[in-house]
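So for the sequence shown, the numbering used here puts the first residue at 1; every next one is plus one. Only one structure is covered here, and it is reproduced in the block below.
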Amino acid sequence: MDHPQTPRILAPHLQTFQHKIVRILGKVVQLRGETAVIDAGGQVDLILNRDCHLAVGHAVEIIGKVDQNLNVKVQAATDFGTNIDFTAASAVVDATHRYKEIFYDGD
């Protein structure tokens, strides 16, 4: 069975990945009921599912689908706590897009 590709992205990549499933690592900056905001190289608005248990100030990895408004509808969220090197994480995202043929199929 094929697993769907989940390219790693940051906020500036959202436009390119509309209607696609992506993976984003960011820091939770705001929780508002059914929605949240993470900082992932810029602000990313999340539409949460009821299985999401996010904490402000924690790093979280989101797998979700980018909608037409550039919000990300969360399918899965993993809390990585507070000890994450976002610079290293950003470098991984950069490499993902620089060598995208290794990581995901372009259109």
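Glycine residues also receive a C-beta, built at the ideal position from the N, C-alpha and C atoms. Quick caveat, the model's predicted, so the values are computed rather than measured.
- Three or more beta-carbon pairs separated by less than 8 Å link the region 1–18 to the region 54–73, which places the two stretches in contact.
- Residue 22 is positioned such that its CB atom lies closer than 8 Å to that of residue 9.
- Around the beta carbon of residue 53, fewer than 16 other beta carbons sit within 10 angstroms, so the residue counts as exposed.
- Within a 10 Å sphere around the beta-carbon of residue 92 sit fewer than 16 other beta-carbons, which makes this residue exposed.
- Taking a C-beta distance under 8 Å as the contact criterion, residue 82 and residue 41 do not qualify as a contact pair.
- Note on residue 4: under 16 other CB atoms within 10 angstroms of its CB, so exposed under the neighbour-count rule.
- DSSP places residue 46 within a strand segment (E or B) once states are collapsed to three.
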